Every structure is written in C-alpha cells, then in structure tokens.
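Student: Provided herewith is a single structure, encoded as structure tokens, for subsequent inquiry.
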Amino acid sequence: MIANEATTKRGKPQTKHSFYPAWCKRCGNCVAFCPVGILVSDEWGYPRQVDKERCTGCGLCEMLCPDFAITVGYEKPGAVDLAHPASALDSPEVTQEKSDAAKAASNISPERLAPVPREEK
Amino acid sequence: MTAVHRSVVYDWLRHDKKFPHVWCPGCGLGILLGSLVRSLAQGGYDKNQVVLVSGIGCSGRLPVYVDVGSVHTTHGRALTFATGIKLAKPELKVIVVMGDGDATAIGGNHLIHAARRNLDLTAIIVNNLTYGMTGGQYSPTTPLGAKATTAPYGHSEPSFDISALTVTAGASFVARSTVYHVTQLDQMLGQAIAKKGFGVVEVLSPCHTNYGRQNRLGSQVEMMKGYKKQAVRVDRWEKMSPADREDRFPIGVLADHERPTFLETYQGAVDRAQAIRKEG
Ligand SMILES: Cc1ncc(C[n+]2csc(CCOP(=O)(O)OP(=O)(O)O)c2C)c(N)n1
Ligand code: SF4
Ligand code: SF4
Ligand code: SF4
Ligand SMILES: [Mg+2]
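So the protein sequences, as listed, match chains V and C.
Our numbering applies: residue 15 is where the first sequence begins, and numbers increase by one.
Our numbering applies: residue 20 is where the second sequence begins, and numbers increase by one.
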C-alpha cells in the first residue's frame, strides 16, 4: 500500500496539498477527476481547491496529474497550498511565463514554484 | 513491503532534465511515469538495480526522466538492447517502455519472440492507437475505420490486440490497464516487474493531440472518460455476451503462469555443453 498520510483513519484530511505552478500545464485532469469536485480552474486555468473540508485525501489529483504538479499530504516547506487564495498566483509573471526573469520579478520565490528533490538519504 | 508515500516520485526524477517534461498538456505518459516510479519504489527496488530501456516515440522519452540507468535506443529495437543487457547482467531488473508503433510495427517481430523465449523482462507498451511523435499516422493498433494522417478516409485494416498477441506468443504475465485506472495500473506494473519471465503491461493512454483530434474525441479528459466507460474488469468481461462486448475492452490480469525463462533454458544448454567437455 502506498501510505496516504493525508487522511486520518476516519478519512479526514490532515495535511495540505502542495501545488507547483511552474510544473503545471493547466491540462485540467485534476479538476475533471476529483471525485468530490472540489477543484476548480482559476482564470488562468490553474487548479484551486475550494472546499478543503470535503477533501477525502484520495490522492487522485496527484496521481492523475501528468506533470507532478500536486502532492497530497507531502508538505514541501514553503510550497504553494493547493487551496491558495485566488490572488496567490494571479501575477502575470507567474502564470504566463516561467522564465527566470519573470520568476525573479514575481514575489513568489522560484523555489516555491517547483518541487525539488529531498536530501539524499 | 514498505509503505512509501507517493511523493517518492520526486526522489526518482532526474531533476537535471528540463521540467515540465516535453509531453503535451494532459498526455497520459506523465501519469504512467508516476505510476511506474511508484511501483518501483513500492517494490523496494534500488535505483542501481533497475534499467529502463526505450525506443523512439513520445513513449520512448519516458526513461529519460527517471534517475536510473537508462538506454534510449532506436525505433523498434528496445527489446533487442534489453535482451543484451539482461543476458549480460541477469541480476538487473530490465524494464522496456515502448509505444504501440515501436512494439508492434517496426519492433513487432522482437515482441513475439521475446514473449516466446520468455526472457525475464518487463515490457510496458503504451497504446495510444497511433504514431504520436510523428504526427498521428496509423499504427498496427489503430482501429478499423479510424482516421489517421495516413488514412484520411478511415483506416482500412483491422487492429492488433497487443495483450492477446503476447498471451498467445507465450508471455508469463500479461495485463492491460489505462492511465485513467491509475491505482490499478500501479498494481499491474508492480506485479509485472516482480514476475519471473516476460511480463507485459499494455497501457491505454490518450494522444488527444494527434489521435483524438483527428477522430474528434475531444480533450484527454474526454478520452479518459471514454476509458472509464469502455473498460471492463476481466472477470466481468468473461461473462459478457459478444453484443455487450461491442466497443468495450477487458482490463486486468489476462495471463499469469509459470514457464521456464530463457535464462533458465539457456543455462541448461550451458550445463550440458560443460558436462560434455569435462567428459571429453
Ligand atoms: C527506424 C526509424 N523509422 C522511423 C522513425 C520515425 N518515427 C519516430 S517515432 C515513430 C512512431 C512513434 O509511434 P509509437 O511507437 O506508437 O510511439 P508514440 O509516439 O505514439 O508514443 C516513428 C515512425 C524512426 N525514428 N526510426
Ligand atoms: S485528494 Fe485531490 S482528488 Fe482527492 S478529494 Fe482531495 S482534492 Fe479531490
Ligand atoms: S492535472 Fe496537473 S498539470 Fe493538469 S491542471 Fe492539474 S495540476 Fe496542472
Ligand atoms: S503527441 Fe500524443 S503521445 Fe505525444 S506527447 Fe502529445 S499527446 Fe502525448
Ligand atoms: Mg503510439
């Protein structure tokens, strides 16, 4: 079994979902296939979790994301929460292009936009 | 078995490659990539123990992103390279990733003979019903009547059933799944990798950019909803009438049996030859 740290025994969500905008291609899989329909596309096409309490922690949004842009229950320090407020990603620097210059200009640091490998064990 | 968290994927990606990866937004190949890495981590394999071999095509790009030994070979010849690697170093887990064109057109002969020999390899065949990388020409799995850039009025050949073909050719393990059925896909891959002998997993994956567009199937979301409708668990499939089977396909484990592997039968020949030399 793949451990699902996101839920308690009663199926309650415990940990936030991390979202990595720089890897997201705005394909809509996560939004289309969340079984409880709590993911919506924002005006840029990025997913946003709107009703966190109803999340079952099933992990489908993570597994059906072809681009590894979501992790459920693995909190990368400083990562963008999938339940981010609409304003968190609406700067054109972040949403339109991911060039280094744009990243540097945006107020979200580049490390927050992409997952990085954890320390080698 | 150890329980690993899904985010283990990040530990197995080659972060020095350019991400996001090259595939189209929504392409099923990324889902398969995650599934494969999870099943390897879940199976407790060490990165140094695993070799990924691929041919050419969108599917052929997959091993490039995984932090294990990988060989990106020529179109249709992935199985031949993999055969050499396995025979030289039988202790390695050799996993081959091929497209439907790679595996059943240019590489079709290698596929049936690898299955017949039952060499201890895992073949993951990404069936998107088309030549994705080169723009949507028909492949041996393109359905009769479907449109392709090389069949603008509809394809005039019936298609290969990859799973049935490899079952008949003698593979020890054959399973079919889709990228939509991702939790099942994790399991099927894990089983195929653990299996001694030739293991095949046929993975239905949407190529909305080429196949989907030409056949007006909509986005990858629509195509994956199609898999959800069309795929039937194999136990239920067996009880279905031919009429009910129309436009559907079975998913699950289609063959799982023990048969001597090529390494074993080859060792038999080595032993016999050595015995004769000793006597002489
Ligand atoms: C020997 C050779 N012949 C033809 C090609 C051109 N070619 C590249 S990819 C491909 C087919 C890809 O289809 P498939 O194997 O199904 O992979 P997909 O892109 O659909 O994943 C072809 C014909 C080639 N690279 N090498
Ligand atoms: S884990 Fe993801 S797919 Fe599952 S309910 Fe929560 S938001 Fe939806
Ligand atoms: S599935 Fe992944 S890439 Fe697609 S919209 Fe959701 S987070 Fe972005
Ligand atoms: S062309 Fe098709 S198979 Fe290739 S990346 Fe795009 S959607 Fe995927
Ligand atoms: Mg193909």
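C-beta: ideal position from N, C-alpha, C; glycine also.
These figures come from a predicted structure and were not determined experimentally.
1. Pull up the distance between the alpha-carbon of Val222(C) and that of Ile212(C), whole angstroms please.
2. Following a CB-centred definition, is Met242(C) positioned closer than 7 Å to any heavy atom of ligand 4?
3. Got a sec: is the Cβ-Cβ distance from Trp256(C) to anything in chain V below 8 Å?
4. I'd like to know if Pro82(C) contacts chain V, where contact means its C-beta is closer than 8 Å to some C-beta of that chain.
5. Can you find a C-beta in chain V that's less than 8 Å from the C-beta of Gly45(C)?
6. Please go through the region 104-156 of chain C and give each complete alpha helix (DSSP H) segment of 4 or more residues, from N-terminal end onward.
7. So who's on the other strand from Gly195(C), going by DSSP bridges?
8. Determine whether the Cβ of Arg62(V) lies closer than 8 Å to any Cβ atom of chain C.
9. In the structure shown, what three-state DSSP assignment does Ser55(V) receive?
10. Per the DSSP calculation, Thr85(V) is bridged to which residue(s)?
11. With a threshold of 8 Å between beta-carbons, can Leu42(V) be considered close to chain C, or not?
12. Are the beta-carbon atoms of Val87(C) and Leu98(C) separated by less than 8 Å?
13. Could you pull out every residue in the same chain whose Cβ sits closer than 8 Å to the Cβ of Pro80(V), ignoring the five residues on either side in sequence?
14. Considering only residues of the same chain and omitting the five flanking positions on each side of Glu111(V), which have a CB-CB separation below 6 Å?
15. In chain order, what are the residues with a CB under 6 Å from some non-hydrogen atom of ligand 3?
16. Listed from N- to C-terminal order along the chain, which residues in the region 76-91 of chain V have their beta-carbon within a distance smaller than 9 Å of any beta-carbon of chain C?
17. Would you tell me roughly how many angstroms separate the C-alpha atoms of Ser78(C) and Lys30(V), rounded to the nearest one?
18. So what's Arg62(V) in DSSP terms, helix, strand or just coil?
19. Within 8 Å (strictly less), CB to CB, does Leu223(C) reach chain D?
20. Verify whether the separation of the beta carbon atoms of Leu96(V) and Val201(C) is less than 8 Å.
21. Measuring straight from C-alpha to C-alpha, what distance separates Val64(V) and Asp139(C)?
22. Report the partner residues of Arg252(C) according to the DSSP bridge assignment.
23. Is there contact between the region 28-39 of chain C and the region 182-201 of chain C, where contact requires at least three CB pairs shorter than 8 Å?
24. Between which two residues does the alpha helix (DSSP H) containing Ser175(C) stretch?
25. From which residue to which residue does the beta strand (DSSP E) around Gly49(C) run?
26. Looking at C-beta atoms only, is the number of pairs between the region 59-75 of chain C and the region 261-270 of chain C that lie closer than 8 Å three or more?
27. From which residue to which residue does the beta strand (DSSP E) around Gly287(C) run?
28. By the 8 Å beta-carbon criterion, what residues does the region 25-38 of chain C contribute toward chain V?
29. Is any heavy atom of ligand 5 found at a distance shorter than 7 Å from the C-beta of Ser158(C)?
30. State the Cα-Cα distance for the pair Pro162(C) and Ser175(C), rounded to the nearest angstrom.
31. Is DSSP giving His19(C) helix, strand or coil here?
32. Can you confirm whether Ile181(C), when its beta carbon is compared against all beta carbons of chain V, has any partner nearer than 8 Å?
33. Roughly how many whole angstroms lie between the Cα atoms of Ile270(C) and Ala292(C)?
Tutor: Taking the structure as given:
1. Taking the straight line from one Cα to the other gives about 14 Å.
2. no
3. Taking Cβ atoms only, chain V never reaches closer than 8 Å to Trp256(C), which makes this a no.
4. no
5. By the rule that beta-carbons nearer than 8 Å mark a contact, Gly45(C) touches chain V.
6. Fully enclosed alpha helix (DSSP H) runs of 4 or longer: 127-136.
7. It is Arg, not Gly, that sits at residue 195(C) in the sequence shown. Its beta-bridge partners are Glu221(C), Gly271(C).
8. no
9. strand
10. According to DSSP, which records beta bridges pairwise, Thr85(V) is partnered with Ser32(V).
11. At residue 42(V) the sequence reads Gly, which differs from the Leu that was named. Output row for Gly42(V): interface = yes.
12. no
13. Lys39, Cys41, Asn43
14. Only weak support is given to the placement of Glu111(V): the predicted model assigns it a pLDDT of 42, under 50, and the value that follows is read from those uncertain coordinates. If we look at Glu111(V) and ignore the five residues flanking it on each side, it has no Cβ neighbours.
15. Cys38(V), Lys39(V), Arg40(V), Cys41(V), Gly42(V), Asn43(V), Cys44(V), Pro61(V), Cys79(V), Asp81(V), Ala83(V), Ile84(V)
16. Glu76, Met77, Leu78, Cys79, Pro80, Asp81, Phe82, Ala83, Thr85, Val86, Gly87, Tyr88, Lys90
17. Straight across, the Cα-Cα distance linking Ser78(C) with Lys30(V) is about 32 Å.
18. DSSP places Arg62(V) in strand when its eight states are reduced to three.
19. Any reference to chain D falls outside this structure, whose protein chains are V and C.
20. No, they are not a contact pair.
21. 48 Å
22. Ile270(C)
23. Not touching, per the Cβ criterion.
24. Taken as a continuous stretch (DSSP letters only), Ser175(C) belongs to no alpha helix (DSSP H), as it is neither H nor E.
25. Per DSSP, Gly49(C) lies in no beta strand (DSSP E); the unbroken alpha helix (DSSP H) holding it starts and ends at 47-61.
26. no
27. For Gly287(C), there is no enclosing beta strand (DSSP E); the residue is part of the alpha helix (DSSP H) that begins and ends at 281-298.
28. Arg25, Ser26, Val28, Tyr29, Asp30, Leu32, His34, Phe38
29. yes
30. Distance between the alpha carbons of Pro162(C) and Ser175(C): 9 Å.
31. With chain C running from 20 to 299 in the structure shown, residue 19(C) is simply not present.
32. no
33. 44 Å
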